[in-house]
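S.K.: Chains as they are written, first to last, in this note's numbering: chain E, 769 to 1247; chain U, 779 to 1206.
Sharing a structure with you now.
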Amino acid sequence: MFTNARRFAALAGLLCAPAFAASHRNGPLLLEDQTANLNDLYVFRSYETGRSNYLVMSMSVQGFQNPDNGPSYYKFSDSVLYRFNINNQRGLDGNPDLQIDFVFQTQLRPNPTFVSYFGALKGIDDPGIFLYQTYVIVIRNLATNTATYIYNDANGHPLSVAPPNLGPKSTPAYEATFGHPSVFTLANGMRVFAGPRDDAFYFDSGATFDTLNFRAPAPVIPSSADTNAGGGTYPNAVDGFAGYNISLISVEVPIGMLTSDGTVPTNTANADAHIGVWASTHRQIVTVRPSPADPISYGNYVQVDRVGNPLTVEALIPLPMKDYWNRSAPAQDAQFAQYIGNPYFATGVLNGVFGLKVPPAPRNDLLGVFVPDIMRVDLTIPPTPPASQNRLGPLAGDNAGWPFGGRRPIDDVVDIGFRALAGVLVNGYGVAPNNQLGDGVNSNDVPLQNVFPFHAAPHAGYLHSQANGTNGKGTPTGN
Amino acid sequence: MKILLILLASSSVYAQSVGAADRLHQAFEDRILTESTASMKTDEHISMYETLVKAQPEVLHYQNLLAGAYIQKVRESMDYSYLDRASQILNNVLAADSKNYEAARLRTEIALERHDFKSAAEYSLALTQWAPNDSWNWGTLGDAYIETGNYDKAAEAYQRMVSLRPDLSSYNRAAWFRFIYNDPDNAVKIMQLAINSGSAMAENTAWCEVELGKILLKTGKVKEAAQAYQAALRYFPNYHSALAGLAQTAAAQGDWKSAILNMKAAQAATPLPDYSAALYDYYAADGETKEAEKQKEMIFVIDQVGQAAKEKANRNMSIIYSDHDWNVSRALELAKNELEVRGDIYTYDALAWALYKNKEFGEADAAMKKAMQFKTPEPAFYYHAGLIAAALGRKEEARDLLKKALELNPRFDARQASLAGIALKDLS
């Protein structure tokens, strides 16, 4: 066995790996935190029939999920506290008044295989669901310092996470059998959902990343492509997020539960007509050194990520300050205004490279939206029925979209943001070509739903194909 | 996704020449690239970053990303040629821009990998002043302190790290510190938090599972340890340390065939001398003397290679020699030299063990006391301490120590556990 060739091979390997290689403890240092990173936040008045007096809040985590990532699939982290923060007073100063927390618990059920899900599943209570997750909701009212814990829905059913969409054999009729049954109505009138969904975000990331090499004459899209319907309207524009799933946490809350005076506001001039929302993730501090005087191993929760608007300021913050930004509250965002009030993208690229006229710094129009970085919702704006919604939201007269009415899944935050950065919300700058900017991808790869939780069902693992070499990108895989 | 940033990031090429934009540029792309490459494997990262570096050699951020991917590759493969490549890139980046924060951060990891703990501590200390809010720097500072035996300062650094950002990186360090300080139950709990926190790199999570397995195995929870090693292999197939761990759990149950199979797989993935030594023990226990001898031969070849490369310090090799009473003078030399670069409890243990084998019992006793200053639940520590106490005529203490070693795990090592049993019998 120990031939010369083998010995030589071993030697060659060792010459590369010093013999001491394994003798120090090289703990990993994270370049990317998988479970606590928030992707998108959606907040909007419900446009589901008969539910316009409800506000929907959804946060997505763990982006770019391959639907066929068996056998483990994706799950919510048991060590992360996922939180919706609601600010409804003091002129939206970025301090929370109300918090809705989600805490997950994973149960591994007896299963003869290593496969997380096995056999044909009949419903959300099927014992074949090996990796079974439930969650507890905690509603905290910071004004009264009270907390309400919710473990079950109004019928006593545990709040369970929707299983992944494996394919037609294991999870047949996914949405009817697993998706919608995972929407739970709580005794307090709220509805909740947690589980995998299609990523409603759409964007020609490939073209953008290739130095704004848009498949339209960059970065202005012709009026023929500047439509409200259909994905990939401009020839060859590719939705880089098509075919991927995310994990979604969604709540639908009666608006009266969210306002400071408990009413559904009707006058936009009233203080209670506006709320601000942001999502955050938290983990517990542990004490490193054991001490008999301090037997408590686990300390307070620390915020590890947050998201407000789709133009997340996080990446505008320099790397040495990133942890600090993630840990801080929106109320302290004024200290970051220097990084936001004069975005290089506007002055250096739109103006410097493409010759667009943009408003001068400081950009108070941007600071008003992003400092503090919370999603602002004018609760008096009625929801727009699905058939009349416009991807450009307020820029096309549909005020129920981002950034006035919160943000809906349909909102083309890329084009809106692009144009906003070019200054279209500032007097005198809403002109061509500033108001024609866009990436050419105008809608999601699969149709959104008009009922809670609104995001489309997750792509099925079985149907997900990488055969065309696109790694799922640009390949709608259906349900 | 956090998208406009992606738009903004695309401006990075232009940003290169604009001073004010430079600081933006780094932060953008880190986020965008890692998000869009979240499902990629390390080799795919490497080939992508290599392409980017080739296309835009002036973008230092791409160079840093490539260096980071190379360092990750070292973790996964133990192929240290990647470390040299990473180091070269970082040197170039820092030569072009001495204030490149990202490169400075990565340079600390290179120093740690090369056991240059003094530089690692210096770099990290400077970085904690540069960016006191970045948890990473407190992590590398704590790592450097741990290896040099500066445990109080390590605890402070790790506490800063986990208080700034509880995640896989900080939890796993806190867990290990708890183990060193004889709190294995909470070490297990915190390591599970680390695993639960996860990482975009599968190897990172697998690494924590392996660490969990080690803690469980040392404290006698053999079946749970095997589960942790299995979990590691599901995250990161063919992971050498997980295969080695599985082999140890099989050996702890007397299943030599399975132990050999798994340890050979580990050895095939990475031919560490530790794996040869374990295989020697397993083959010997299984009556396959010829195979055992081949592994022994391999260990000596490895040491010859090390000597040819002027390697003077190597506590793992030292322990292998001491364990088997092979070349005990070389064992002592390797351990003594190791102490010059690091003063942690594991180095003191290796030194004490080598001194004992060289019959320098008084010095062995002093070194062993340092190794056991925190009563770390390492069965081998108690075993070594027991034999040293016995050699010095402290019979009752020796009995207690040996008993404790076997209480922690009656089969803590394929060969040494039975020797501990015999020694205990001799003392009674």
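C-beta: ideal position from N, C-alpha, C; glycine also.
Keep in mind that this is a model prediction, so the values were computed, not measured.
#1: For a quick check, are the C-beta atoms of Asn853 (chain E) and Trp1046 (chain E) less than 8 angstroms apart?
#2: Decide if the stretch 1064-1074 of chain U is in contact with the stretch 1018-1026 of chain U; the criterion is three or more beta carbon pairs, one per stretch, under 8 angstroms apart.
#3: From the DSSP output, in three-state form, read off Ile1200 (chain U) for me.
#4: What residue range is occupied by the uninterrupted alpha helix (DSSP H) comprising Ser913 (chain U)?
#5: Exposed or buried, what is Val1182 (chain E) when buried is set at 16 or more other beta-carbons lying within 10 Å of its beta-carbon?
#6: Using a Cβ-Cβ cut-off of less than 8 angstroms, list which residues of the stretch 908-942 of chain U approach chain E; keep chain order.
#7: For a minimum of 3 consecutive residues, which ranges assigned as the beta strand (DSSP E) are wholly contained in the stretch 801-860 of chain E?
#8: Apart from the five residues just before and just after Ala1006 (chain U), which ones in its own chain have a Cβ nearer than 8 angstroms to its Cβ?
#9: List the residues of chain U that Gln1103 (chain E) touches, going by C-beta distances under 9 angstroms, in chain order.
#10: Below 7 angstroms CB to CB, which residues in the same chain sit around Tyr1161 (chain U) once its five sequence neighbours on both sides are set aside?
#11: Gln1100 (chain E): which of E:Arg1159, E:Asn863, E:Pro949, E:Ala1041 sits nearest, CA to CA?
#12: Mind checking which residues open and close the beta strand (DSSP E) that includes Trp1046 (chain E)?
#13: By DSSP, does Tyr1017 (chain U) sit in helix, in strand, or in coil?
#14: Out of E:Leu1189, E:Asp808, E:Gly896, which one is the CA nearest neighbour of Arg1176 (chain E)?
#15: Comparing alpha-carbon positions, which option in E:Thr914, E:Glu943, E:Asp967, E:Val960 lies nearest Leu927 (chain E)?
#16: Taking Asn1094 (chain E) as the reference, which of E:Val1075, E:Gly963, E:Gly1109, E:Thr1115 has the closest Cα?
#17: Kindly indicate which three-state DSSP category Asp869 (chain E) falls into: helix, strand or coil?
#18: How would you call Tyr917 (chain E), buried or exposed, if buried means at least 16 neighbouring beta carbons within 10 angstroms?
#19: Under the rule that 16 or more other beta-carbon atoms within 10 Å means buried, what is Asn1068 (chain E), buried or exposed?
#20: Ala1211 (chain U) and Ala1128 (chain U): beta carbons closer than 8 angstroms?
#21: State the beta-bridge partners of Ala1261 (chain E) as determined by DSSP.
#22: When DSSP labels each residue in this structure, what does Leu1205 (chain U) get in the three-state scheme?
#23: With DSSP as the reference, please indicate the residues paired to Arg965 (chain E) in a beta bridge.
#24: Among U:Leu843, U:Arg853, U:Ala972, which one has its Cα closest to the Cα of Asp801 (chain E)?
#25: Since Glu891 (chain U) meets chain E, which of its residues come closer than 7 angstroms, beta carbon to beta carbon?
#26: Quick check on Ser1059 (chain E): does DSSP put it in helix, strand or coil?
#27: Tell me, please, which residues DSSP counts as bridged to Asn920 (chain E).
#28: Only counting the same chain, and skipping five residues up and downstream in sequence, which positions put a Cβ closer than 8 angstroms to that of Tyr936 (chain U)?
#29: Please look up how many angstroms separate the CB atoms of Lys843 (chain E) and Leu899 (chain E), rounded, as I've assumed it's under 8 angstroms.
#30: How about Arg1051 (chain E) and Ala804 (chain E): are their beta carbons less than 8 angstroms apart?
#31: Please return the same chain residues whose Cβ sits closer than 8 angstroms to the Cβ of Leu1207 (chain U), not counting the five positions on each side in sequence.
#32: How about Gln867 (chain E) and Arg908 (chain E): do their beta carbons lie closer than 8 angstroms?
#33: Measure the CB-CB distance between Lys996 (chain U) and Leu1186 (chain U) and report whether it falls below 8 angstroms.
#34: Relative to chain A, which residues along the stretch 799-810 of chain E have a C-beta separation below 9 angstroms, given in chain order?
#35: What's the call for Ile1200 (chain U), buried or exposed, on a 16-neighbour Cβ count within 10 Å?
#36: Can you tell me which of the three DSSP states Gln1151 (chain U) falls into?
M.R.: Answer, in terms of the structure:
#1: Here residue 853 (chain E) refers to the residue found at position 85 of the first sequence. Here residue 1046 (chain E) refers to the residue found at position 278 of the first sequence. Cβ atoms of Asn853 (chain E) and Trp1046 (chain E): closer than 8 angstroms.
#2: no
#3: Here residue 1200 (chain U) is taken as the residue at index 422 of the second sequence, counted from 1. In this structure, Ile1200 (chain U) counts as helix in the three-state DSSP scheme.
#4: As a first step, residue 913 (chain U) must be located in the second sequence, where it is residue number 135. From DSSP, the alpha helix (DSSP H) with Ser913 (chain U) extends over 913-925.
#5: By one-based count along the first sequence, residue 1182 (chain E) stands at place 414. Per the 10 Å Cβ criterion, buried.
#6: Trp908, Ala909, Asn911, Asp912, Ser913, Trp914, Gly917, Thr918, Asp921, Ile924, Glu925, Ala933, Tyr936, Gln937, Val940, Ser941, Leu942
#7: Here the runs fully enclosed are 806-813, 822-833, 849-855.
#8: Along the second sequence, read from residue 1 onward, the residue named residue 1006 (chain U) stands at position 228. Closer than 8 angstroms at Cβ, skipping near neighbours: Glu987, Val988, Leu990, Gly991, Leu994, Gly1023.
#9: Against the first sequence, residue 1103 (chain E) aligns to sequence position 335. The contacting residues do not exist; Gln1103 (chain E) stays about 12 angstroms from chain U at best.
#10: Here residue 1161 (chain U) corresponds to residue number 383 of the second sequence, with the count starting at 1. Result list for Tyr1161 (chain U): Leu1180, Ala1183, Gln1194, Ala1198, in chain order.
#11: Against the first sequence, residue 1100 (chain E) aligns to sequence position 332. Comparing Cα positions, the closest option is E:Asn863.
#12: Taking the first sequence and counting its residues from 1, one reaches residue 1046 (chain E) at position 278. 1042-1054 is the extent of the beta strand (DSSP E) around Trp1046 (chain E).
#13: Your numbering for residue 1017 (chain U) matches position 239 in the second sequence. DSSP places Tyr1017 (chain U) in coil when its eight states are reduced to three.
#14: For the purposes of this step, residue 1176 (chain E) is taken as residue 408 along the first sequence, with counting starting at 1. Per the Cα distances, E:Asp808.
#15: Along the first sequence, one-based indexing puts residue 927 (chain E) at 159. The residue with the shortest Cα to Cα distance from Leu927 (chain E) is E:Val960.
#16: To locate residue 1094 (chain E), count along the first sequence from 1; it is residue 326. When only C-alpha atoms are compared, the closest one is E:Val1075.
#17: Taking the first sequence and counting its residues from 1, the one referred to as residue 869 (chain E) is at position 101. Strand at Asp869 (chain E).
#18: Taking the first residue of the first sequence as position 1, residue 917 (chain E) is located at position 149. With a threshold of 16 other beta carbon atoms within 10 Å, Tyr917 (chain E) falls short and is exposed.
#19: As a first step, residue 1068 (chain E) must be located in the first sequence, where it is residue number 300. Exposed.
#20: A query on residue 1211 (chain U) cannot be resolved here, the shown segment of chain U reaching from 779 to 1206 and no further.
#21: Residue 1261 (chain E) lies beyond the stretch modelled for chain E, which goes from 769 to 1247, so this question has no answer here.
#22: Here residue 1205 (chain U) corresponds to residue number 427 of the second sequence, with the count starting at 1. Helix.
#23: Numbered from its first residue, the first sequence carries residue 965 (chain E) at position 197. In DSSP, Arg965 (chain E) forms a bridge with E:Ile1014.
#24: On the first sequence, residue 801 (chain E) is found 33 positions in, with the first residue counted as 1. When each option's Cα is compared against that of Asp801 (chain E), the closest is U:Ala972.
#25: Counting from one through the second sequence, the residue named residue 891 (chain U) turns up at place 113. For Glu891 (chain U), the chain E residues whose C-beta falls within less than 7 angstroms of its own C-beta are Asn794, listed in chain order.
#26: In the first sequence, residue 1059 (chain E) corresponds to position 291, counting from 1. Looking at Ser1059 (chain E) - three-state DSSP - the assignment turns out to be strand.
#27: Taking the first residue of the first sequence as 1, we reach residue 920 (chain E) at position 152. Per DSSP, E:Pro926.
#28: In the second sequence, residue 936 (chain U) corresponds to position 158, counting from 1. Excluding sequence neighbours, Tyr936 (chain U) sits near Trp916, Gly917, Gly920, Ser948, Arg951, Ala952, Phe955.
#29: Counted from its first residue, the first sequence places residue 843 (chain E) at position 75. Counted from its first residue, the first sequence places residue 899 (chain E) at position 131. With 8 angstroms as the limit, Lys843 (chain E) and Leu899 (chain E) qualify as a contact, their Cβ atoms being about 6 angstroms apart.
#30: By one-based count along the first sequence, residue 1051 (chain E) stands at place 283. By one-based count along the first sequence, residue 804 (chain E) stands at place 36. Yes. Within cutoff.
#31: Missing from the structure shown is residue 1207 (chain U); chain U here goes from 779 to 1206 and no further.
#32: In the first sequence, the residue the question calls residue 867 (chain E) occupies position 99. In the first sequence, the residue the question calls residue 908 (chain E) occupies position 140. For the pair Gln867 (chain E) and Arg908 (chain E), the CB atoms are nearer than the 8 angstroms cut-off.
#33: On the second sequence, residue 996 (chain U) is found 218 positions in, with the first residue counted as 1. On the second sequence, residue 1186 (chain U) is found 408 positions in, with the first residue counted as 1. Yes, the Cβ-Cβ distance between Lys996 (chain U) and Leu1186 (chain U) is below 8 angstroms.
#34: Within the model displayed, chain A is absent; protein chains E and U are what it includes.
#35: Here the question's residue 1200 (chain U) lines up with position 422 in the second sequence. Per the 10 Å Cβ criterion, exposed.
#36: Taking the second sequence and counting its residues from 1, the one referred to as residue 1151 (chain U) is at position 373. Coil.
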